[in-house]
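Taking it in order: structure first as structure tokens, then the write-up.
Residue numbers (my numbering): 1 to 471.
Rendered as structure tokens:
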């Protein structure tokens, strides 16, 4: 059993996660990416946990079929258990050597079963099937199977064979009564807005149905929709994103009335803050809570937060600290060097009309170089920023990408009290504001080991600041 802040396996990285809960244990199958060249084929690995704190890595669960097999790559899918207690595993089979009518590697829905308690999967190649007429053969993936009364539904990330290329994405649908024979029916959701809707996931919570998908476009983020029935209409909440761009392919699992979104935080090329985002990374879990209007909030699970149980002195920031900078900038920086991994919890009281208030992590002693979680009440958003950014020339404006920040998330920030939780662990940073809005990212550069609080254009009071690490 491994106690780790964020799980990733030895010798590889976590791709799309297929979560399943049984008898209090979360079975988290995931696409194991070893990033080797030439490619060795992608298997499913399995890790289990009861609390998203302690993980047991079981290694290969569904192997690659080999260089010539249709399932050289075993891509994303789902697991369900039928009335006869037989477990059914649906996955995407693909081999770059096998091309479809569109000239791209075929993507197929593959099927395996287990009668041995979610292990010892037996593949059934005779049940493999590809895209029906009207869909592209190279986009037919991520089968998600769920029960609807006496019927089983399968949702598939697909693309129409015709139409504007950037708007052919759809969630195709098939139905079955025996989990073996599948009949195509009308698409489950067909907005004609995106390139593709990866990793579809559907669940019911109270009076609402939720559709979760990962937007394969220029945005690359996990979104959700909500409806009163499976027939729709699927409504767009004011903030329809689960997290930022780096938290991707999140799929959900329920246990004891709680709903968890399990995805991965992407790595960056070259292990640098300006490297291109890569596919796969480190496993991360957010817990959703349902608000009165049916919309969802996202936060770190309580068990995860509670695992940070050892107090760490932040240095000379004797909360409460009042910072007043109506037409300027004010800050307070701790004088302690903090460890590589910790949980920071801060309570802030933001004055009316304040432009920006935030927290610095891995800061230099003067606060000039750091990562920052910045709350911007006037813009209704939380931002992750860092300074310095990589320069691309000798002039002041020649900074990396010439952009004002790294990530933003919509976040209501009325004047008054707000709670910010920040987990920093090695090169990962996850911030949650008011147990409502999550923002996950990478922070490779460690400018220093200090924390701080700042105000820019307004006033705020740091009511409390607590830092804890793991035993």
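Using N, Cα and C, we set each Cβ at its ideal position, and we do this for glycine too.
All figures in this text were calculated on a predicted structure; none of them were measured in a lab.
Which residues does DSSP pair with residue 290 in a beta bridge?
296
Leaving out five residues on either side along the sequence, give the residues of the same chain with a beta carbon under 7 Å from the beta carbon of residue 217.
194, 195
DSSP beta-bridge partners of residue 480:
Outside the modelled stretch of the chain, which goes from 1 to 471, sits residue 480, for which no answer is possible.
Quick test of the definition: if touching needs 3 or more C-beta pairs under 8 Å, does the segment 443-456 touch the segment 316-336?
yes
In chain order, what residues of the same chain have a beta carbon less than 7 Å from the beta carbon of residue 9, not counting five sequence neighbours either side?
32, 45, 57
State buried or exposed for residue 225, treating a residue as buried only when at least 16 other CB atoms are found within 10 Å of its CB.
buried
Closest residue to residue 376 among 413, 300, 421 (Cα-Cα distance)
413
For residue 337, which of 448, 374, 186 has the nearest alpha-carbon?
448
Report buried or exposed for residue 92, applying the criterion of at least 16 other Cβ atoms within 10 angstroms of its Cβ.
buried
Where do the N-terminal and C-terminal ends of the beta strand (DSSP E) with residue 443 fall, by residue?
Here residue 443 belongs to no beta strand (DSSP E), and DSSP marks it neither H nor E.
Where residue 36 falls, given that 16 or more other Cβ within 10 Å makes a residue buried
exposed
Closest residue to residue 270 among 353, 442, 313 (Cα-Cα distance)
442
Buried versus exposed, by CB contacts within 10 Å (16 or more), residue 310
exposed
Just confirm the distance between the C-beta atoms of residue 287 and residue 260, as a whole number of angstroms; I'd bet it's less than 8 Å.
5 Å
Might you give, ordered along the chain, the residues of its own chain that have their beta carbon closer than 8 Å to the beta carbon of residue 122, omitting 5 neighbours on each side?
112, 113, 114
How long is the line joining the alpha carbons of residue 157 and residue 325, rounded to whole angstroms?
50 Å
Residue 186 lies in the beta strand (DSSP E); which residues open and close that run?
183-189
Give, in chain order, every unbroken run of the beta strand (DSSP E) that is at least 3 residues long and sits entirely within the segment 3-86.
13-22, 25-33, 44-49, 54-62, 73-81
Bridge partners for residue 438 per DSSP, in chain order?
432
Since residue 371 contacts residue 361 with CB under 8 Å, what's their CB separation in whole angstroms?
5 Å
Boundaries (first-last residue) of the alpha helix (DSSP H) holding residue 304:
302-306
According to the Cβ coordinates, are residue 171 and residue 79 closer than 8 Å?
no
Report back the beta-carbon spacing between residue 385 and residue 374 to the nearest angstrom; my notes put them in contact at under 8 Å.
6 Å
Output yes or no for whether 8 Å exceeds the beta carbon distance between residue 98 and residue 70.
yes
Between the CA atoms of residue 284 and residue 468 - distance to the nearest angstrom
19 Å
Rounded to whole angstroms, what's the CA-CA distance from residue 368 to residue 16? Just pull it up for me.
37 Å
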